[in-house]
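So the structure is just underneath, and the comments pick up after that.
Residue numbers (my numbering), protein chains in the order written: chain A, 11 to 240; chain B, 1278 to 1682.
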């Protein structure tokens, strides 16, 4: 059944031109991810997992191959439609949080709604809701630089959640956090996956994340070397 | 993204860095302020010139001997001695579009009263001089036709001469010496005020032209004839009538060049207004350069700001901003800066021109046109100089932007 798959990649390749030489970051990746999955993508640095993340996240387009997201072939979309997909269907969480400096938690969370023409009152409500979902009640009006690392990552997660995406992509979400706050973030991901049935794809070195995932995908030199389901 | 939201985001970004925003806007503030105050000075000068000529009367004509053309044998204007007192009488009798006529001769002379002396311009004129020049006598009387006929040694003083020779004493009935010849003071003209700094219209003594011809200059011709037409609209008619009459009187063959020249006051006024218009353009042009420099300042800061905010741009793109959203955001920031700067600049310009007229005593005029022009110009400076940095921002690659340190 095609429709069960949220994401379907068929023979995805990505080649970069660096001066004279071609760098083949991905050399033919095929995989399927189902709605509600919690997937960990693992592999050494330079293996191509970030490139894969960028393609799944619609920040980059494959050189060849087919990418279907909710049965739509996004690999053929133009820049503006990709921006719309990122806005409506995908939430990003980064290792370095990537929040706007000198801006409140609330404003950061509202940011995606700004680009989907949500009226400002409604946007405020949805952002407050998302912030309470990640446990930041009462800290909405703090500037991001007044928050701790764990709190900043929670703001980033709230921002990823605010537009009710089908998919959250996280690139080393615990990489800049200590073990204890890292564990808190991991259980937050797990809870969101379980309660809201949001599909999660986490790129990570962290064995703790790998342990909670339903599916582990190992990548090396631009190819999938192993897939494990638990 | 909606326009209102875009403006809000732009304002938010600008207030996050208040000092820098202010300094950027300062270029525009100074530029717009300079444009407005400079144009107001130019406009004021133009108005002053027009007012002065209007006060003299636009129905004025001057008949001068000699042609203005550059023919070697002419030796310049005024070398013909063909205008005579009889021409004056003929004009006043035969030209029905003419109201008053006054012949005029002039020279400079040393004048003495008791132990004080003063060098001034002596004008020999007819009895209608005050009417033609719109210059009434303040005390005493002006000389009449009778005194002119009798070569009377009487004079009417300009207020500046009175001030210098009499120093506040009563002058009427006193005798002053012009070129050692005694003249009785019978009147004082109203003060006209400074005209342009180097030339004081009140520094003058007026005497009957006959007296001036005979006693001071030793000539029989007149140097010019002042004419006022019955009304401003009939000035041209008067000019034609005088031309025709003088050609006959001077026996000028048809087709030959006139030995006199008639100039219209409004022509002279137009010439003067034209030169002050050029002054306005010049001042405005110089001030525009500072507005241009202000615009380059905006571009400079916006470029720095784009580089500084590469990561922010990456974040915005990753959450769904399209190229045009980013373009619009940065362009709006530049426009908001320049429009705010423009508004403050307008206020500064108006205050500056008020201060200039207060302290320098110049007339300044701020008109809606120059304000609107400066405002529009500052807005377009924002669009023009904001576009390049905004475009640069919108073309950033999100992956690299997110990785940028």
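The beta-carbon is built from N, C-alpha and C at its ideal position, and this holds for glycine as well.
What is the residue span of the beta strand (DSSP E) that residue i lies within?
| i | result |
| --- | --- |
| residue 1538(B) | 1537-1541 |
| residue 1586(B) | Run containing residue 1586(B): none; DSSP gives neither H nor E here. |
| residue 1386(B) | 1375-1390 |
| residue 1340(B) | 1337-1342 |
| residue 112(A) | Note, residue 112(A): premise wrong, no beta strand (DSSP E); not H, not E. |
| residue 239(A) | 233-239 |
| residue 21(A) | 15-28 |
| residue 31(A) | 31-44 |
| residue 1460(B) | 1458-1466 |
Using a Cβ-Cβ distance cut-off of 9 Å, determine whether residue i contacts chain B.
| i | result |
| --- | --- |
| residue 217(A) | no |
| residue 55(A) | no |
| residue 94(A) | yes |
| residue 125(A) | yes |
| residue 112(A) | yes |
| residue 104(A) | yes |
| residue 117(A) | yes |
| residue 70(A) | yes |
| residue 183(A) | no |
| residue 169(A) | yes |
Based on the DSSP output, what are the partners of residue i in its beta bridges?
| i | result |
| --- | --- |
| residue 217(A) | DSSP, once it has assigned bridges, lists no residue as partnering residue 217(A). |
| residue 1639(B) | The partner list for residue 1639(B) (beta bridge, DSSP) is empty, contrary to what the question assumes. |
| residue 102(A) | 179(A) |
| residue 1576(B) | Partner(s): none; residue 1576(B) has no beta bridge. |
| residue 1485(B) | 1402(B) |
| residue 1613(B) | None; residue 1613(B) has no bridge partner. |
At what residues does the alpha helix (DSSP H) containing residue i begin and finish?
| i | result |
| --- | --- |
| residue 181(A) | From DSSP, residue 181(A) is part of no alpha helix (DSSP H) but of the beta strand (DSSP E) over 177-181. |
| residue 230(A) | First-last for residue 230(A): 225-230, but that is the beta strand (DSSP E), not the alpha helix (DSSP H). |
| residue 1675(B) | 1675-1680 |
| residue 165(A) | 159-171 |
| residue 1397(B) | First-last for residue 1397(B): 1393-1402, but that is the beta strand (DSSP E), not the alpha helix (DSSP H). |
| residue 1518(B) | 1512-1526 |
| residue 1405(B) | Counting along the chain, residue 1405(B) falls outside any alpha helix (DSSP H), and DSSP gives it neither H nor E. |
| residue 200(A) | 189-206 |
| residue 1328(B) | 1295-1333 |
| residue 185(A) | Taken as a continuous stretch (DSSP letters only), residue 185(A) belongs to no alpha helix (DSSP H), as it is neither H nor E. |
| residue 1508(B) | Looking at the DSSP string, residue 1508(B) is not in any alpha helix (DSSP H), and its letter there is neither H nor E. |
State the Cα-Cα distance for the pair residue i and residue j, rounded to the nearest angstrom.
| i | j | result |
| --- | --- | --- |
| residue 1291(B) | residue 44(A) | 44 Å |
| residue 1531(B) | residue 1524(B) | 9 Å |
| residue 1287(B) | residue 1612(B) | 9 Å |
| residue 1347(B) | residue 1341(B) | In this prediction, residue 1347(B) scores a pLDDT of 49, lower than 50, which makes its location untrustworthy; the coordinate-derived value is nonetheless stated afterwards. Looking at the two C-alpha atoms, the distance is approximately 16 Å. |
| residue 218(A) | residue 139(A) | 28 Å |
| residue 155(A) | residue 197(A) | 24 Å |
| residue 110(A) | residue 186(A) | 17 Å |
| residue 1440(B) | residue 1379(B) | 27 Å |
| residue 1659(B) | residue 192(A) | 46 Å |
| residue 1586(B) | residue 1304(B) | 23 Å |
| residue 1656(B) | residue 1296(B) | 21 Å |
| residue 1345(B) | residue 1538(B) | The predicted model places residue 1345(B) with a pLDDT of 46, which falls under 50 and marks its position as unreliable; any figure quoted below should be read in that light. Those two C-alpha atoms are separated by around 8 Å. |
| residue 86(A) | residue 1628(B) | 60 Å |
| residue 54(A) | residue 183(A) | 16 Å |
| residue 177(A) | residue 1668(B) | 31 Å |
| residue 34(A) | residue 1308(B) | 54 Å |
| residue 1578(B) | residue 1306(B) | 15 Å |
| residue 1610(B) | residue 1284(B) | 8 Å |
| residue 70(A) | residue 129(A) | 30 Å |
| residue 11(A) | residue 38(A) | Bear in mind that the predicted position of residue 11(A) carries a pLDDT of just 43, short of 50, making it too unreliable to give a figure here. |
| residue 1408(B) | residue 1368(B) | 17 Å |
| residue 1429(B) | residue 1399(B) | 15 Å |
| residue 1362(B) | residue 1461(B) | 24 Å |
| residue 1458(B) | residue 1412(B) | 26 Å |
Using a C-beta cutoff of 9 Å, does residue i count as contacting chain A?
| i | result |
| --- | --- |
| residue 1291(B) | no |
| residue 1602(B) | yes |
| residue 1236(B) | Because chain B in this structure spans residues 1278 to 1682, residue 1236(B) falls outside the shown range and cannot be described. |
| residue 1551(B) | no |
| residue 1295(B) | no |
| residue 1660(B) | no |
| residue 1632(B) | no |
Please look up how many angstroms separate the CB atoms of residue i and residue j, rounded, as I've assumed it's under 8 Å.
| i | j | result |
| --- | --- | --- |
| residue 173(A) | residue 98(A) | 6 Å |
| residue 1583(B) | residue 1607(B) | 7 Å |
| residue 1678(B) | residue 1588(B) | 6 Å |
| residue 1561(B) | residue 1319(B) | 7 Å |
| residue 95(A) | residue 179(A) | With 8 Å as the limit, residue 95(A) and residue 179(A) do not qualify as a contact, their Cβ atoms being about 12 Å apart. |
For a test of your reading of the model: does the CB of residue i fall under 8 Å from any non-hydrogen atom of the ligand FMN? Yes or no.
| i | result |
| --- | --- |
| residue 234(A) | Among the components modelled here there is no ligand, and therefore nothing to report on the ligand FMN. |
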